[in-house]
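Visitor: Going by the working numbering, the final residue of the sequence shown carries number 1266, and the count climbs one at a time with no gaps.
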Amino acid sequence: MPLPLPPSRPPSEEHHFAGGGEMGALVRSLDWSRTPLGPSRDWPVSLKTMVGVVLNNRFPMLMWWGPEMIQVYNDAYRPVLGNKHPGSLGAPGEAMWREIWDVVGPMARGVLEGGPATWSENLALFINSRGFTEETFHTFSYSPIPNEQGGVGGVLVTVRETTEEVQHDRQLRMLRDLAARSADAKSPDQACRTCLEVFADNDLDLPFTLLYLLDANGDTARRAGSSLLPDAVLEALPVQQSLSAESAADWPFAQAARSREAVVVEGLAQRIGGLPGGRWNSPPALAVVRALTRPGQSQPSGFLVGGVSPRRLLDANYHAFFQLTAEQVAAVVANARAYEEERQRAEALAALDRAKTAFFSNISHELRTPLTLLLGPTEDALSSPQRTLQGESLETVHRNAVRLRKLVNTLLDFARIEAGRVRAAYEPTDLASLTAGLASAFRSAIERAGLVLDVDCPPLPEPAWVDHEMWEKIVLNLVSNALKFTFTGTIRVAQAWRDGHIELCVTDTGTGIPAHELPRLFERFHRVHGARARSHEGSGIGLALVHELVRLHGGTLTVQSELDQGTTFTVRIPTGFAHLPSEQVTSARGHRPLSAGTDPYVRDALGWLVGTPPVPDEDTGPPADGGASARALEERGRVLLADDNADMREYVSRLLGAHWTVEAVGDGEAALEAALARPPDLILSDVMMPRLDGFGLLQALRADERTRTVPVILLSARAGEEAQEEGLSAGADDYLVKPFSTRELLSRVTAQFTRSRLRKLEAAHGERLARIFQHAPVGIAILRGPEHVYEFANQNYLRLIANRDVMGKGIRDALPDLAHQGIYELLDTVYRTNEPYIGRSLRVVFSHSPELASQEIFFDFVYQPMSDPQGQVEAIIVVVFDVTELATARREAESANRAKDEFLAMLGHELRNPLAPILTALQLMRLRGDTAAERERTLIERQVTHLVRMVDDLLDVSRVTRGKVTLKRERTSLTDVVAKAIEQTSPLIEQRQHTLEVDLPEHGTDLDADPTRLAQVFANLLTNAAKYTEPGSFLAVTGTREGQELVVSVRDTGVGIAPEMLPRVFDLFVQEHQALDRSQGGLGLGLAIARSLVTLHGGTISAQSAGRGRGSTFTVRLPALEAEAPAALPTLQPGARMTPAPAQVSARVLIVDDNRDAADVLSESLEFLGCATHVAYDGPSGLEAAKDFRPEIALLDIGLPVMDGYELARLLRQQEEPRPLKLVAVTGYGQESDRQRSKAAGFDAHLVKPLHFETLETLLKDLTGA
C-alpha cells in the first residue's frame, strides 16, 4: 500500500521552488524541517538549484543529498517507486531501497564520497514496489553534485527502466530457438519433446511447462511431456484427462478449448504439492492454460500448461508471450503431424505397391506356366510331320487351357467387383445340396492326400437366396485352400441355420495362420509369406475375392486360426432376400448340375498331389547287363527337376527324358533331399515353389560341399533383365523365362551339361582357384576431401584395420598409427596432383591398442583420384590387397634361395677339395712322363674333368638364376671367342675323333661381350655336339652377319632331339631320355646356362632338329659391332695335342690346407716347377712356419680349422718382412662374392679348387715376374 505523505511545512514558510508538476507541488508542501535537510530556506544554493533541475526535467531523475542520502525525485521517476510513493520523498535512500541497497548502495556511496561517476546498463534489480518482489531491469548513471565547499554534496541518478525490453528479447530468443530446433520433428510427440527442451532453457519466464495432445475424437488429452517438474510431481498429475468429464482438480482444458483464450489457474500450491522453486527460490502460484490452435482449425491439437514466474506480474505482455508460445507449439505439432501423416500415406502406398508387385509377380507366374504348357506341345506338334496334337500332349494343352481360363475369370471377377459392375442373379437354392456337392467334388483329391473329408450339410428350413456361380467360387476357394495348407488330419465342411442366418464353416487341421497376418488376410494382393503349402501357385486374390462375394450376398467372412493347429473360415449370410438388390433377385431356374467351373479347382488340387516319375528314353531299353545299364544311365547324365505344377513336371520330364535320366519332385525341400542323397549332373528348378522356393534351394545347394558346383537352371515367370540378373547373381548358372520353347530348353540344358563336364575336368584346379579367390582379402574405401575423411569402407577393408570406427573421420584421426609410414604423404600427393598411385608390397605397421603387439601387414594398393566435372579432385578411391602372406613367402623363398646358394657353394667347396689332389696328382703323373697305367690314368683324368665341369655348371646356374652374373664386357671378335671355345673342347673332340669344320666371316665379327662367358656358351654347344654324336662324325661351326646381328650355328649329325622335347630343351634339368647307364652323363644345366648368358648379351638362342637320329642345330644370334680384322682360327689336327714342358719357377711357397692330400700333392706340383715349399695343416702352424721359412708366396685354404684363411692372411700381413708376401686364396668357393671378399681381405689372387697345373704355373709366373 502507498506510504503516507510526510508532514507539511507550515503555511507561513516561504516557497522557494516553482513548477515541477505534481512532484513540484509535493516538494513545496513538504515540511522539510522535519527531515535531515532542514527548512528549505536554509538549503545551500547548490541543493536548491539541483532540486529545481530535477523537478523540471521530463527524464526520470532521483537526487540523493547529504550523508543520509535524502531523496528528491520528479514526476517521471514516480512509476519506478510504485507503492513506495509518496513516502519516499524526503526519506533516506537506504530505508526506501532496502531490498536492493546491497547492490546500489555501495555504488552511490562511492560517488558521494568523492569517487568517479558510475554507470550500469540493464542491471537486474529485484524491487518490492507492488506488493511482491519483482524482476526489473534498469539502465542508470550516478553523477556527483558539487557543493559550495568544493566537495560532493549529493548524487544525481538518471535512470531508465528496461524491464519490458530485456524480457521481450529473452522471450523472442526462446521463440526463435523453438522454431529452429523443432523444424526437423517427424512426429507430434517428437515435436513436443523438442519444445519442452527449449522451454527448460527459459526457466525465468516458464518455471514449468506441460504439453498435452488431444486424440482424434477430441475428448481425451494425453500428456506428451513436461519440463522442470520432478518425477514426484508428475506421478501426482494425470497422464490422460477427459474433456467431457473434467473435475475441479483437473486442468481446465474444456474451458480453454471453448474460449480459445488463456485460462489462469490459481492456488497451485494447493492443486500441486511439491512444486520446485527454481532459480527464484519460490514456487509459482499461478499457471496459464492455453489451447494449441491454428487459424481455421476447429479443434485444438492439444494444450499448453505454463507456470507463471513468481517475479513477474501476469500483465498483457506476459499473456501475449503465452499466446505466441502456444501458437508456435501448435504450428510445430501441426507440421510434425502433417509429416507423420504424409509418411504414413507414403508407407501405405509403398505397401500397396509392394503388394501389387508381389501380385503381378505371382499372377505372371500363374499365367506363364499354363502358357508354357500350351505353347510347348503346340510348337512340337507344328514341327512334327503329322502336325497334330494327341495323347498326353493333347491332355496337357486342354488342362492348361482350362486352368488359364479359370485364372482369367478370377481376375475379371475381381476387377468387376472393384468397379461395381457385377450383375448377380440371386435365386432360391437348396444350399445344403449345392454346398455338399461342391465339397464332395474334392473327396478324391483329399483322400488321396491321406486326409479325411467330413461334410455336414443338413437340409435347411427354407431355400437360400444366392448367386449359384458366386457361391460355387466361395466354397471351391475355401475347400481348395484348406487342402492346400493341410497335410494331416481332417477337412470339415459344415453348414447350418442359426439366428436368421445361414452359416458355412470350413475347418481344417492344417498349418494355421500367424496371428499378425489375420487382420490383412482378406486384403487384395496379400499373401502369407513363408507359409507351408502343397503348392506355391496362387494369385493372391482368392480370399479377397471370397470376401467380396460374401459381401455381395450381404454376409460376412471371418477367420479363426492357431498356428500349427488349423483354421476355420466362417461365412454368414442373411436368410431371405430383403437385403438383396431387388433387380437382381430372380425366381428359381430348376435343378442344375455343378458347373464346369468346378473342374479346374479339382484338377489343380490333384496336381498338388501327383508326382511325375522319371521318363526313360524310349530308344534305350534295359540291357541284360545290370552294370552296363548303370554305366549307360550314368553316361546319359542325370537331371533333377523341381516344379510344383504336375503338368510342368510331366511335360519337361518328357522333353528331357529322351536325352537324359530325369528325376522329378514337387517342391524345393524334396529337391534338396534328392540332390544331397545323390548329386545330379544338373538341377532344373522353378523359382516359386512351396516349402522351399527356387532361391532358397539354390542357396542351400551352394552352401553344401556336395552340390556346390552342380549347375542350376532357374525357371521363372519373371521376365526382364533385372529378374535375370537377380537369378544369376544368386548363383544360378542360367535363367529361363516362361513360356519357353522346346528347342530353347534343350539348348540351355545341353550347354550346361557341356560346361559341367568341362568344370569336372578342371575340378581340382578350379576348387583351388575358387578357394584362393574366395578368401582373397580385398578392401575398398573412399576418402573424401583434403583431410581424407572416410566416406565408405567395405567389410574387407574394415577387417584389415581391425574393424575400427573410421566413418566420418579423417585418416589421420582414424588411423593415427600410420603416421611416419608415408601413407598420409602419398594420399596428399595423389589429391594434389590428380595422378593415381599403385603401390606394391608396402609394409604397414598397425598398433591396434596399447595392450596388443604391433601388427605388420604388407599391402598392394591403388590410390585412384575421383574428380568433379571441373577436374578438381573430390575424393580418392583406395583399393587394398593384403599381400602379407605373399611378402612373407617371398622373404622365406629368398631365405631358402640364399640357403640353396650357400649349399651349392659349400657343395662346390666340398666336391672341389677331394678333386683337387686327384686332378693335381694326375697332372703330375702326366708331366713326369709316367707311362705305367696310362689308359687308367687317362680315364680317371677324363672323369675327374667331367666332374669338375658339373660342379662348375651347378655354381653357374645358381649365379645365373639369381641374377648374380656380371658381364665383363669388352670389344672382342667372334672369331676369338669361337677359337677359345674350340680350344676348351678340343680334347673331347679329339677323343671322339670328330671332324670339325669352322666357317666364320673374315670381317664384321666384332661384338660387345664378355669373351669368357660367351666362349662358355659355344664350348657348351660344342661339348653337347661331341657327346651326342657317334665317334668319327662331322661337326660344323658356321657364322654369318645378318644386318646388325651375328648368327652362329653349331651343327652335328648326332642323335637329334624329339619334337616334344624342343620347346623344353633350354629348361633347367631337362634332358633327352637316356638309357639306364646314362652313358652321356650331365645334369641338364648346360643349355639353360647358355640361354641365360646369351640373353644377358642381348641375343637369342634356338634349337632345330628333324627328329631322333637326324642331328641338331643350335643357332645363336648376337648384336654386332663394326668389324675389325678377324683373328685366325686354329686348325685342328686329330692327335696333334701335346703337353708342353713346364717352365722352371724359383720361389719359396708356404702351403696351408687342412686337407693333407691336397696340400701334399700341391707341394709336389710346386716342387716339380722348381719351388721350395713348406706345408702346414692349420692356421697356427702356418703362422709359426712363416716365421722360420720366410715364404715369398703363401697359398692359403680359406676354410681352415681353428683360424680361417682370412684371419691367417691378416696375421701374416702383420709379420711380413720388408719384402712383400704374395697371398693366394685357395678354396672350393668360387662365386663372385667370394672373390670380392678375398680381395678385400688382402689376397693377391683367388684360385678355385681343383687347381689346373697350367693355371698354377701361370699364376706363379705372374707373382714372381718370371
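Where is the CB? At the ideal position from N, CA and C, for every residue including glycine.
1. Please list the segments of the beta strand (DSSP E) lying wholly inside the region 497-525, counting only runs of 3 or more residues, in order along the chain.
2. Which of the three DSSP states is assigned to R691 in this structure?
3. Since F1066 sits in a beta bridge, which residues does DSSP pair it with?
4. When you compare only the Cα positions, how much space is there between T995 and E1030?
5. Among all the DSSP beta bridges, which residues are the ones paired with A664?
6. Sorted by chain position, which residues of the same chain lie with C-beta nearer than 6 Å to L1014's C-beta, five sequence neighbours on each side aside?
7. What's the C-alpha gap between H775 and L798?
8. Would you mind listing the alpha helix (DSSP H) stretches within the region 1157-1213 that are 4+ residues and don't spill past its ends, in chain order?
9. Out of W101, A642, W65, L1196, which has the shortest C-alpha to C-alpha gap to N147?
10. Could you check if R470 is buried or exposed, using at least 16 other CB atoms within 10 Å of its CB as the buried criterion?
11. Determine the burial state of Q993: buried for a count of at least 16 other Cβ atoms within 10 Å of its Cβ, exposed for fewer.
12. Where does the unbroken beta strand (DSSP E) through T972 begin, and where does it stop?
13. Report yes if the CB atom of R1269 is closer than 9 Å to the CB atom of E1002, and no otherwise.
14. Is R416 buried or exposed, if buried means 16 or more other CB atoms sit within 10 Å of its CB?
15. Drop a sphere of 10 angstroms on the beta-carbon of D122, count the other beta-carbons inside from all chains shown, and report buried for 16 or more, exposed for fewer.
16. At a cut-off of 8 Å, would you count H138 as near the ligand GDP, judging by its Cβ distance to the nearest heavy atom?
17. From the DSSP output, in three-state form, read off T1258 for me.
18. Using the rule of at least 16 other Cβ atoms within 10 Å of the residue's Cβ for burial, across every protein chain shown, is H398 buried or exposed?
19. Unbroken alpha helix (DSSP H) runs of length 4 or more, entirely within the region 1017-1050: which are they?
20. Cutting at 6 Å between CB atoms, please list the residues of its own chain near D643, excluding the five before and the five after it.
21. Quick check on R312: buried or exposed, where buried means 16 or more other Cβ atoms within 10 Å of its Cβ?
22. Identify which residue in E94, P144, T133, A326 has its Cα closest to the Cα of G114.
23. Quick one: measure Cβ to Cβ for R1274 and E663, integer angstroms, because I've assumed they're closer than 8 Å.
24. Taking the C-alpha atoms as reference points, what is the distance between T220 and S242?
25. Who does S867 pair with in a DSSP beta bridge?
26. Quick check: A1120 and L1035, are their CB atoms within less than 9 Å of each other?
27. Using the Cα positions of G1265 and A1225, report the straight-line distance between them to the nearest angstrom.
28. A124: which of Y142, F792, V104 sits nearest, CA to CA?
29. In three-state DSSP terms, what is F253?
30. Quick check: the Cα distance between D75 and G277, rounded to an integer number of angstroms?
31. Can you name the start and end residues of the beta strand (DSSP E) that N122 belongs to?
32. Give the DSSP-derived three-state secondary structure of M63 in the structure shown.
33. From which residue to which residue does the beta strand (DSSP E) around R1117 run?
34. Which full runs of the alpha helix (DSSP H) of 4+ residues lie inside the region 430-473, going along the chain?
35. If you follow the alpha helix (DSSP H) that V546 is in, where does it begin and where does it stop?
36. Starting from G1086, trace the alpha helix (DSSP H) in both directions and tell me its first and last residue.
Guide: Taking the definition as stated:
1. Fully enclosed beta strand (DSSP E) runs of 3 or longer: 501-508.
2. Coil.
3. BP columns for F1066 are empty, so no partner.
4. Between T995 and E1030, the C-alpha separation is close to 11 Å.
5. L641, per the DSSP bridge assignment.
6. Result list for L1014: V977, in chain order.
7. Caution applies to H775, whose pLDDT of 49 falls short of 50 and renders its modelled position unreliable; the value that the coordinates give is listed next. Going by the C-alpha atoms only, they are around 15 Å apart.
8. Secondary structure remark: continuous alpha helix (DSSP H) runs of at least 4 residues inside the region 1157-1213, in chain order: 1179-1189.
9. Among W101, A642, W65, L1196, the Cα nearest to that of N147 belongs to W65.
10. Note on identity: in this sequence residue 470 is Met, with Arg being the wrong assignment. Classification for M470: buried.
11. Q993 should be labelled exposed.
12. Its beta strand (DSSP E) spans residues 970-973.
13. No information on residue 1269 is available, as it lies outside the stretch 1 to 1266 that the chain covers here.
14. So R416 counts as exposed.
15. A small fix is needed here, since residue 122 is Asn in this sequence, not Asp. In the assembly as shown, N122 is an exposed residue. Its beta-carbon has fewer than 16 other beta-carbons within 10 Å.
16. Ligands displayed in this structure: none; no statement on the ligand GDP is therefore possible.
17. If DSSP states are grouped into helix, strand and coil, T1258 belongs with the helices.
18. Counting other Cβ atoms within 10 Å of its Cβ, H398 stays below 16 and is therefore classed as exposed.
19. Within the region 1017-1050, no complete alpha helix (DSSP H) run reaches 4 residues.
20. Scanning its chain for C-beta atoms nearer than 6 Å, with the 5 sequence neighbours on each side dropped, one finds around D643 the residues R649, D686, in chain order.
21. Buried is the call here.
22. Comparing alpha carbon positions, the residue from E94, P144, T133, A326 closest to G114 is P144.
23. No answer is possible for residue 1274: it lies beyond the span of the chain, which begins at 1 and ends at 1266.
24. Rounded to the nearest angstrom, the two C-alpha atoms are 5 Å apart.
25. For S867, which the question treats as bridged, DSSP gives the partners V873.
26. No, the Cβ-Cβ distance between A1120 and L1035 is not below 9 Å.
27. Answer to the nearest angstrom: the Cα atoms are 19 Å apart.
28. The option with the nearest alpha carbon to A124 is V104.
29. Under the three-state reduction of DSSP output, F253 falls in the helix class.
30. D75 and G277 have their C-alpha atoms roughly 37 Å apart.
31. That run of the beta strand (DSSP E) goes 118-128.
32. It is a strand residue.
33. R1117: member of the beta strand (DSSP E) spanning 1112-1119, first to last residue.
34. Within the region 430-473, the complete alpha helix (DSSP H) runs of at least 4 residues are 431-440, 443-448.
35. Its alpha helix (DSSP H) spans residues 542-552.
36. 1086-1096 is the span of the alpha helix (DSSP H), which, as asked, contains G1086.
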